[in-house]
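Beneath this line is the structure, given in structure tokens, with notes to follow.
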Amino acid sequence: MSLELNSKYVKTGAWTNVDGGPVLGRTITTDTQTGNLVVAMLAVLSTLGTAHLWHLIAFAIHQIRANGRPADAMFKQQQALLRTLPTPSSVVAEALKLWWAWRKNTDRPLLRSMVLVLVAMLFTAVTVAASVFSSFVVDSGSIEVLVNSPLCGRINGTGTAWRTYITTLIANAPVYAGACYRNGSLPALCNDAFTNVNIPLTVGSTPCPFNETMCGTKNAVTVDSGLVDVGKMFGLNLAAKDRVMFRKKISCTVLPSEGSYEVFDLELIPSLVPADRFIFPGEQILALLYGPTDRTRIESYIGYLLVSNITGNPTIPLGSVWYRSPVNRVPQGWFPLESFFPLQMNDGPDGDLILKPFMQNRLMFATPTNDPLYSSHKNISSWDLGQEVTNYASDDPVKGVACTQHFQYCHARDGQDDYCTPFQGLPYHEMNKTHFPDSSSMQQAVLQLLIMSSWLHTTARVQTNQASDLEGRSTYMIPSMPDDFWKREVLGWEQEVWAAMQMAVSQYAIGPKASDPFADAYVIAPQTEGEKALCGAQKMKKSGGFVNINIFGLSFVITFSILVAIVDITLLKFLVYLTRFRRALGPRIARWTQDGVWQLQRRAYEGEGHRNWTDLESEIPLMEKGHKLKDLPIMWRPGKSPMVKQPSSFASTDSMVSQQLSISELAAEDVVDSAPVITEQRRSWFSFVRR
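Following the numbering used here, the numbering of the sequence shown begins with 7 at its first residue and continues without gaps.
Below, the structure written as structure tokens:
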């Protein structure tokens, strides 16, 4: 069995997942090839954005430190390092190298270096987090998709044509319930169909709802869904104004078996002889007597003991329902005995009554079993490997379980409190709109779908049992059973009912014809605006072939990366070198320029006597055309360093100083500190020339 949505019914393009909100819920569903291209683009953009962001951070750190106060050489080298705009990894490596080199020649070199190291490492961690975030923009796993099918339609509950649909539903529901309504790891079947794997159900206890003479257990077991949000639980993409809530609760007890059945010879009742075989000698039948299913008869159920004696697995035949809702006009399928009354229904006076026959058949136990449904104390002796073995068979050939069921439907109302129906029995499968006068067209479509889905597979129709999960089933013998195992059976019935509802709700948007070629005979096409809108509101899980792209995340990554890149390029490559901009930001920008590699190179050559530089305040200083520069020596030595005769330079000492003073308008304190050095250097150079 596969419930996964066919790829041809997946809606591609933009849509809004209301669970994520109007902003974060905006989604694009597309094929995996397009998704891979988007992932590659996001990787490039996020790398680009983080690189430019680091440039701005390095610039900010440099500017904070560029206060103009005297500092040691290690500080100046760190400033030069930041000015080169290295990568975070380079900052870590170079800062540690500076610490190692200065570890014995300056104060606190490790602490001063670790500040830069920690900033770079923190940014690296943020970069990794940003990369992880960008990967979440594109979801390529088991994703939620919208159904888009031209076969959308609901079931017409009148007539008999829809029974072919029921056959498929009854076959698939127990398989899905058995696999997916349990704890622990779940198979792929459970994760590739519905947005919610299962509907949470609460098991409790309540006083028996029937006359105490019809209560075979001290208390009844209850299985209650609580008031669930239909949109969230069934994967319907409903807006808040169209919210619908739903609740179902059953209360069950095992009925007393004494005097509840009779055994007859089949030959005495020819009308009950099966049409496909003869009567076997001495063949008997049993009649369950909890009230007739027809006014002209007395039995609730007829069972054939021959079949029971040769059947190893327990049998749970189709049950019967006594409908008590005032809005249900279906003919009654069961008339309970008077001994059921008075009813003690704590959940409301109009709940339905359900009768479920149960036959244990040949199933036996290795030890006596006290569970009220599987009660087994009859000794059955047999020989196994030369030893006598005693097993225990059922105390009664047939038993009955009776339940009450209540339903409640609620919907949101504009400007008012939610409207809720009384907690009562199942309504008629064709919803009467007058029962929900304030509901919107969409809410009416959802309510109609819920009511019809509840009819398709009721608790009375469940025929599976949970005993097959116990060990030793290959020989129709169970080692032991808990005394309250019957409660697990009731829970299993309800889990199957809810699994069937999940399937029926999702099949509305897909269309029954997608799995049943004869569905035209019982499908009603959408007619109202709400029914048409509901066709495009079903969400399902889909694995492979498609990806979801979060529009907000995609827009954020693109916008942020481009914005940071523009700010970085505009600020650090253009604005910072405009005279008016530099004057507006003060001397710190001048120090950024002067810490540049070309300005540091200029100063190094000036120290070697090459003084004919121009554009000293620009990022790139210039020199007279044709002037040749040799490699810089490792250290300056009087008489060894190159000497360039520049009479004009000697004569223009004042002009050079004036050029330096023009810089002092932007960084006065730096020039004052450096001026004596330049003057002393020039005096040494003059002495060298005089020699």
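From the three backbone atoms N, C-alpha and C, an ideal C-beta is built for every residue, glycine too.
Checklist entry - Any idea what DSSP makes of W499, helix, strand or coil? => result helix
Checklist entry - Are M483 and A539 closer than 8 Å when you measure CB to CB? => result no
Checklist entry - So what's Y171 in DSSP terms, helix, strand or just coil? => result helix
Item to check | Own chain partners of A20 with C-beta closer than 6 Å, once the 5 adjacent residues on each side are dropped | outcome: I34
Next on the checklist: Is the separation between the beta-carbon of Y329 and that of L456 shorter than 8 Å?
Outcome noted: no
Checklist entry - Using 8 Å as the Cβ pair cut-off and three pairs as the minimum, do the stretch 329-341 and the stretch 367-381 touch? => result no
Checklist entry - If you compare alpha carbons, which of D356, D621, G615, N12 is closest to P639? => result G615
Checklist entry - Among the residues of its own chain, which have a CB less than 6 Å from the CB of C728, if the five just before and after it don't count? => result Residue 728 lies beyond the stretch modelled for the chain, which goes from 7 to 697, so this question has no answer here.
Next on the checklist: Please state the DSSP three-state secondary structure of E436.
Outcome noted: coil
Next on the checklist: Out of A226, D353, G184, V395, which one is the CA nearest neighbour of T373?
Outcome noted: V395
Next on the checklist: Assuming contact is defined by CB atoms lying nearer than 8 Å, are L207 and V181 in contact in what I supplied?
Outcome noted: no
Item to check | Cα-Cα separation, F240 to N202 | outcome: 7 Å
Checklist entry - From A77 to A136, what distance separates their C-alpha atoms? => result 37 Å
Checklist entry - When DSSP labels each residue in this structure, what does W21 get in the three-state scheme? => result strand
Checklist entry - Pairing CB atoms from the stretch 545-560 with CB atoms from the stretch 141-151, are three or more of them under 8 Å? => result yes
Item to check | Distance between V97 and M120 (C-alpha atoms, nearest Å) | outcome: 10 Å
Next on the checklist: Please give me, in chain order, every unbroken run of the beta strand (DSSP E) with length at least 3 that falls completely inside the stretch 500-570.
Outcome noted: 545-549, 552-556
Item to check | According to DSSP, residues forming a beta bridge with T212 | outcome: A226
Item to check | Proximity below 8 Å, CB of A418 to CB of A525 | outcome: no
Next on the checklist: Here's the rule I'm using: 16 or more other beta-carbon atoms within 10 Å means buried, otherwise exposed. How should K547 be labelled?
Outcome noted: buried
Item to check | G31 to N23 span [Cα, whole Å] | outcome: 5 Å
Checklist entry - Skipping 5 residues on each side, what residues in its chain have a beta carbon closer than 7 Å to that of T38? => result S146, G551, F552, V553
Checklist entry - Between which two residues does the alpha helix (DSSP H) carrying Y611 extend? => result 603-613
Next on the checklist: In the DSSP assignment, the alpha helix (DSSP H) including W461 goes from what residue to what residue?
Outcome noted: 447-462
Checklist entry - Does the beta-carbon distance from A126 to P156 come in below 8 Å? => result no
Item to check | Where R301 falls: helix, strand or coil (DSSP) | outcome: coil
Item to check | Proximity winner among F491, V452, F580, relative to T534 (alpha-carbon distances) | outcome: V452
Checklist entry - In the DSSP assignment, what are the bridge partners of P363? => result G406
Checklist entry - Considering only the beta carbon of each residue, do W359 and P342 sit closer than 8 Å? => result Checking the sequence, you will find Leu at residue 359 rather than Trp. In this structure, P342 lies closer than 8 Å to L359 by Cβ.
Checklist entry - What's the call for V327, buried or exposed, on a 16-neighbour Cβ count within 10 Å? => result buried
Checklist entry - Is E268 buried or exposed, if buried means 16 or more other CB atoms sit within 10 Å of its CB? => result exposed
Item to check | Three-way DSSP call (helix, strand, coil) for V333 in this model | outcome: coil
Item to check | From M370, T299, F371, residue whose alpha carbon lies closest to that of R340 | outcome: The sequence shown places Trp at residue 340, not Arg. It is T299 whose Cα lies nearest to the Cα of W340.
Checklist entry - Which term fits H633, buried or exposed, when burial requires 16 or more other beta carbons within 10 angstroms of its beta carbon? => result exposed
Item to check | Of the residues N397, W492, L578, the one placed nearest C409, counting alpha carbons only | outcome: W492
Checklist entry - Which of helix, strand or coil does DSSP assign to L672? => result Reliability of the predicted coordinates at L672 is poor, the pLDDT of 37 falling under 50, and no value is obtained from them.
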